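Asks: Just dropping this structure here.
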Amino acid sequence: MAGRPAAPSSPSADRDGTAPNMVARISQWADDHLRLVRSVSTVMAIAGIMLLLRSVRLQTSKFTSSSDIPVEFIRKNVKLRGRLRRITENGLEIEHVPITLPIISSWRKEPYGFLLVKLAGVELTETGKVWLQKELKPSQILWFQLLGKENSALFCYLLVNKGKYFSVNLNEEILRRGLGKTVHVPGLNYDSKIYWKIHRNLLKAELIALKKREGIWKEESKKESYLEKLKDSWREIWKKVSY
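Read in this note's numbering, the sequence shown has 16 at position 11, and its numbers run on one by one without any break.
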């Protein structure tokens, strides 16, 4: 009498056997290449530590000239803290105040020097220069956002704290008071989003002064001629945003 044919293995049994086999193969490969796995892990750990140390070094380094500042800081429009030393015809001389770490600061000697900072997108009038001298005090702490660079000068947004929770953007405040005109920001990429954001905000501030006839806009003739230029600028911004 013929024996019964063997029952075919079920698909579920095959699947259940495949997973352990795959795990076993991976484990075996890892055992065979243990040195390689350890080497890769070590390299990745070292690379991570080096990136962290570089970031800490840049954040805690004192910049005494525009050439000290990494290109990526300007490209990313990083904000830096500084202490005002004096205001000159060429711009503001600001001493960079980096982030301080007690362990590093205790043994490292800080270099001496100033950064030449200019108000980005603003052409100051003589009255505006006088106002700025009164508004800012020597040794006053302020923040400057890097927007562009030309030769040794940095073109920045200047931010001054007014109390604990409020800060004033000096670039926009000057335009709102009619103490300057909007101009191109050297070194700022024309096709970047921040270029149009900066110029839109500056033009808004300038428009407030125009409507209120503040500062240089008290004369109707100046106001009318400049309004045409302002309309052209807004059209250009609108086209860029729509595109």
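We put the CB at the ideal spot given by N, CA and C, even for glycine. The structure displayed is predicted, hence computed values, not measured ones.
For Gly168, which of Glu94, Ile104, Ile146, Trp201 has the nearest alpha-carbon?
Replies: Ile146
Asks: If Leu163 and Leu124 are in contact, beta carbons under 8 Å, what's the gap, nearest whole angstrom?
Replies: 6 Å
Asks: For Leu193, does the three-state DSSP call read helix, strand or coil?
Replies: coil
Asks: Is Met55 helix, strand or coil by DSSP?
Replies: With a pLDDT of 48 at Met55, under the threshold of 50, the predicted position of this residue should be treated as unreliable, though the coordinate-derived value follows. Residue state, collapsed to three classes: helix.
Asks: Determine which residues share a DSSP beta bridge with Trp148 and list them.
Replies: Arg86, Leu164
Asks: Secondary structure at Gly133, three-state DSSP: helix, strand or coil?
Replies: helix
Asks: Name the one or two DSSP bridge partners that Asn174 has.
Replies: In the DSSP assignment, the residues bridged to Asn174 are Leu164.
Asks: By Cβ distance, which residues of its chain are closer than 7 Å to Pro116, with the 5 residues on each side in sequence left out?
Replies: Lys67, Thr69
Asks: If we cut at 8 Å on Cβ distances, does Lys81 have a partner in chain C?
Replies: Judged by its chain identifiers, the structure shown contains no chain C, having just a single protein chain.
Asks: Taking C-alpha atoms, which residue in His101, Arg91, Leu141, Gly96 lies nearest to Val129?
Replies: As written in the sequence, residue 129 is Leu, which differs from the Val given in the question. Closest option to Leu129, Cα to Cα, is Gly96.
Asks: Thinking Ser71 and Ser144 are a contact (beta carbons under 8 Å), I'd like their distance in whole angstroms, please.
Replies: 22 Å between Cβ atoms; not a contact.
Asks: For Phe171, count neighbouring C-beta atoms within 10 Å of its own C-beta (all shown protein chains included) and say buried if the count is 16 or more, exposed if not.
Replies: Residue environment analysis places Phe171 among the exposed positions, since fewer than 16 neighbouring C-beta atoms fall within 10 angstroms of its C-beta.
Asks: In angstroms, rounded to a whole number, what distance separates the CA positions of Ala214 and Arg182?
Replies: 6 Å
Asks: Under the assumption that Gly126 contacts Val190 (Cβ atoms under 8 Å), give the Cβ distance between them as a whole number of angstroms.
Replies: 5 Å
Asks: With a cut-off of 8 Å on the beta carbons, I'd call Leu85 and His101 a contact; round off their distance for me.
Replies: 6 Å
Asks: For Val76, report the span of its alpha helix (DSSP H) as first-last.
Replies: 76-80
Asks: For Ile99 versus Phe78, is the C-beta spacing smaller than 8 Å?
Replies: no
Asks: Once DSSP output is grouped into helix, strand and coil, what is the label at Gly185?
Replies: Note: Gly185 maps to strand in three-state DSSP.
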